[in-house]
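Asker: Sharing a structure, written as structure tokens. Questions coming.
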DNA sequence: ATAAAGCGAGTAAACGCTTGCAAATTATGT
DNA sequence: ACATAATTTGCAAGCGTTTACTCGCTTTAT
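Chains as they are written, first to last, in the numbering used here: chain A, 1 to 333; chain B, 1001 to 1333.
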């Protein structure tokens, strides 16, 4: 006995109305007599009818699905953003199609096309930056997109972020205030505008304000990993730096561990500020002081913004900057 | 000038063939003359045709989409599993719809219905355990499901795991070998069969083997968080335990930190073994020894298994247990 | 009492694709 | 050259919904 799928027709028949009426009650359309609605609802329940979202999508041209593109879901930074997105999405009854950016560069376009072919109603992008090509593809579709924790140099694309420059400016200023003259800036690839432009700008700005000359010897580039952090410590130490601002928590944890292990006391002999305030900051010993990006909120706001765009609502701010704060723990004085 | 969506008809017209032929070349059907195929491909490229996956889904009754249900994406344990799933899924051209299990209990059923309404071709579940109700809903659909890092008491449902009991047995045996008589078992909710049954069984078994009496005073239940770990340390210490096996990394990290802070040297005065070998183990100082669950692989194998089920291939093993290993770092002797 | 307006429900045409079947074309063997 | 087989194509019927349009029946106003 094969299990038959219950369709709108079956419900219509059992409830003695036309399928249009079923559709109306399922969609909450007001043009249905209360009595009929009740009867239909009952039948739906009895037959265990489950509207086919694919068919609905085809007929309505809405999939109630959004595409989320991120580099790596095991990176707590993105996972936190994703959680914010997910919560708001489910609040608005959207489903999320998650896709990771693979190593290979070229496939960003392919991922996008795949998502568009699935008729997603919107997109959230958390990669490093949108390529021209991708932007073009996006432009030719009408699918709205917003960047979360990612920036668009030209502010053409909607995005939600914190003011990276400002945050780093503050951090560095505090370090300066603590008497440091040589402060290392340890970032990921400087090609990524967040590190290479915004954050570095904040660093430079703070130094300038304090009349300290910028020296590229104090700027380090490393992969975002504990190992890379451990490996770079010697270089950082040898640069003469007495404090460091690190753009990512794993990296910072690695540096911290190497420092402690090599006998450099943190924060007494060396202060460390990191950037993402993931749970890692609480796991290291000493616990790390960090910029607190409201990651969950960034994701949530990005998703909320996207729902507005999908509803064609008026958007007042294309680029929203959320407030950040600074959490002092034990890696700074 | 409104942008028109390019459909299969447009391509057919431009290529001077019927839409059926377009469909065939898009689907790689062999019954197309090479010359025609080339021409069509060219037109597809020129018009920038992107097949509508929703329409395909409706016509073919396949969505090339699977649903993934997990408790919390910011938990590295699940994130790692998810990554394995994602990679294999994209290898097989499936998309993933990610849904988080909210706090509220009752909605598991709703989540499932939503996913089924989206016509997912398969499901991967990583929650604590499938409720009867959910199982029933699942049974009435034909959608295959596999559990990843989650267990089914009755082995009715396909699942991929490690042998939790065996792993813990080994850990505890090593601790016993190191001379410990009082070993704490610190888990999450013991209602969860993984902790409360499988792991605890391994613990008991190892004690028994060593002729050590099991004492419930040495069994602790705590939330999976750093704070909970820090908070529980005193109780653990006061129980007289000289070593602990902890079922989750955050929790272990909290315990470790409190121990060190309170002057108890790890591993000299107290040994700690944890369970998930997430990156946290490398971030704490001392770094933590851990069972190494091949999380990524579990996810990957689960997804692979699911593809087989979706293809109606013969499955030899309903329940697959992957090999685990034990990584010794600095929290044990 | 009667026309206008409104409500509730049905009809049928999309939506963009897959696919079984039949028709047309080309290749093969004699 | 002809029949037959094999290869390519086209036709059209779905797939399960949504949604304009219509239509009959009540209300309401006059």
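Note that beta-carbon positions come from the ideal geometry of N, C-alpha and C, so glycine has one too.
Would you say residue 1109(B) lies against chain A (beta-carbon separation less than 8 Å)?
Answerer: no
Asker: Using a Cβ-Cβ cut-off of less than 8 Å, give me the residues of the segment 1040 to 1065 of chain B that come near chain A, in sequence order.
Answerer: 1048, 1050, 1051, 1052, 1053, 1054, 1055, 1057, 1058, 1063, 1065
Asker: Go ahead and pull the three-state DSSP assignment for residue 1271(B).
Answerer: strand
Asker: Using 8 Å as the limit for Cβ to Cβ distance, is residue 1262(B) near chain A?
Answerer: no
Asker: In the structure shown, what three-state DSSP assignment does residue 264(A) receive?
Answerer: Shown here, residue 264(A) sits in coil according to DSSP, grouped into three states, outside any helix or strand.
Asker: Just to confirm my understanding: we take residue 1017(B), look at its own chain, exclude 5 residues before and 5 after, and list those with CB closer than 7 Å. What are they?
Answerer: 1036, 1040
Asker: Exposed or buried, residue 1059(B), counting other C-beta atoms within 10 Å across all chains shown (16 or more means buried)?
Answerer: Exposed, since its Cβ has fewer than 16 Cβ neighbours within 10 Å.
Asker: By Cβ distance, which residues of its chain are closer than 6 Å to residue 213(A), with the 5 residues on each side in sequence left out?
Answerer: none
Asker: Just the C-alpha distance for residue 250(A) and residue 26(A), rounded to the nearest angstrom, thanks.
Answerer: Cα-Cα distance, rounded: 49 Å.
Asker: State the DSSP-derived secondary structure class of residue 1004(B), mapped to helix, strand or coil.
Answerer: coil
Asker: Report the CB separation of residue 1074(B) from residue 1097(B) in whole angstroms; it is logged as a contact under 8 Å.
Answerer: Incorrect: roughly 18 Å between the Cβ atoms, too far for contact.
Asker: Just to confirm, are residue 111(A) and residue 148(A) a CB contact at a threshold of 8 Å?
Answerer: no
Asker: Quick check: residue 255(A) and residue 236(A), are their CB atoms within less than 8 Å of each other?
Answerer: yes
Asker: Using beta carbons (cut-off 8 Å, strictly below), is residue 312(A) in contact with chain B?
Answerer: no
Asker: Along the beta strand (DSSP E) that carries residue 186(A), what are the first and last residues, could you check?
Answerer: For residue 186(A), the uninterrupted beta strand (DSSP E) segment begins and ends at 183 to 187.
Asker: Compute the Euclidean distance between the alpha carbons of residue 1013(B) and residue 138(A), then round it to the nearest angstrom.
Answerer: 25 Å
Asker: Which residue wins for smallest C-alpha separation from residue 62(A), given the options 198(A), 24(A), 117(A)?
Answerer: Put simply, of 198(A), 24(A), 117(A) the residue whose alpha carbon is nearest the alpha carbon of residue 62(A) is 117(A).
Asker: Using alpha carbons as the reference points, say which of 1154(B), 1115(B), 1162(B), 1165(B) lies closest to residue 1141(B).
Answerer: 1115(B)
Asker: Would you decide whether residue 1100(B) is buried or exposed? Buried here means 16 or more other CB atoms lie within 10 Å of its CB.
Answerer: buried
Asker: Could you pull out every residue in the same chain whose Cβ sits closer than 6 Å to the Cβ of residue 160(A), ignoring the five residues on either side in sequence?
Answerer: Short of 6 Å from the beta carbon of residue 160(A), and not among the five residues preceding or following it, lie these beta carbons of its own chain, in chain order: 148, 298, 301, 302, 320.
Asker: Please classify residue 67(A) as buried or exposed, where buried requires at least 16 neighbouring CB atoms within 10 angstroms.
Answerer: buried
Asker: On the DSSP letters alone, give me the boundaries of the alpha helix (DSSP H) that residue 1236(B) sits inside.
Answerer: It spans 1226 to 1238 - the alpha helix (DSSP H) in which residue 1236(B) sits, taken as one unbroken run.
Asker: Using a cut-off of 9 Å between C-beta atoms, extract the partners of residue 1099(B) located in chain A.
Answerer: 86, 90, 95, 96
Asker: Using the beta-carbon of each residue, which ones in chain B are nearer than 7 Å to residue 36(A)?
Answerer: Chain B residues near residue 36(A): none, gap ~23 Å exceeds 7 Å.
Asker: Going by CA-CA distance only, name the one from 210(A), 51(A), 208(A), 226(A) that's closest to residue 1284(B).
Answerer: 226(A)
Asker: Below 6 Å CB to CB, which residues in the same chain sit around residue 209(A) once its five sequence neighbours on both sides are set aside?
Answerer: none
Asker: Taking the continuous beta strand (DSSP E) assigned at residue 1290(B), which residues delimit it?
Answerer: 1289 to 1292
Asker: Can residue 1258(B) and residue 1240(B) be called in contact, C-beta distance under 8 Å?
Answerer: no
Asker: What's the call for residue 1267(B), buried or exposed, on a 16-neighbour Cβ count within 10 Å?
Answerer: Buried, by the Cβ-count rule.
Asker: For the segment 1264 to 1292 of chain B, which residues have a beta carbon sitting closer than 9 Å to at least one beta carbon of chain A?
Answerer: Hits within the stretch, in order: 1278, 1279, 1280, 1282, 1283, 1284, 1285, 1287.
Asker: Looking only at C-alpha atoms, which of 77(A), 4(A), 55(A), 76(A) sits nearest to residue 48(A)?
Answerer: When each option's Cα is compared against that of residue 48(A), the closest is 4(A).
Asker: Run down chain A in chain order and give the residues with a C-beta less than 7 Å from the C-beta of residue 1080(B).
Answerer: Near residue 1080(B) (Cβ distances below 7 Å), the residues of chain A are 74.
Asker: Using only the alpha-carbon positions, how far apart do residue 1(A) and residue 1246(B) sit?
Answerer: Only weak support exists for where residue 1(A) lies, its pLDDT of 42 falling under 50; the value from the coordinates is given anyway. Residue 1(A) and residue 1246(B) have their alpha carbons spaced roughly 49 Å apart.
Asker: Exposed or buried, residue 46(A), counting other C-beta atoms within 10 Å across all chains shown (16 or more means buried)?
Answerer: exposed
Asker: Nearest chain B C-beta to residue 251(A) closer than 8 Å, yes or no?
Answerer: no
Asker: Whole angstroms is fine: what's the gap from residue 88(A)'s alpha carbon to residue 296(A)'s?
Answerer: The straight-line gap from Cα to Cα measures roughly 10 Å.
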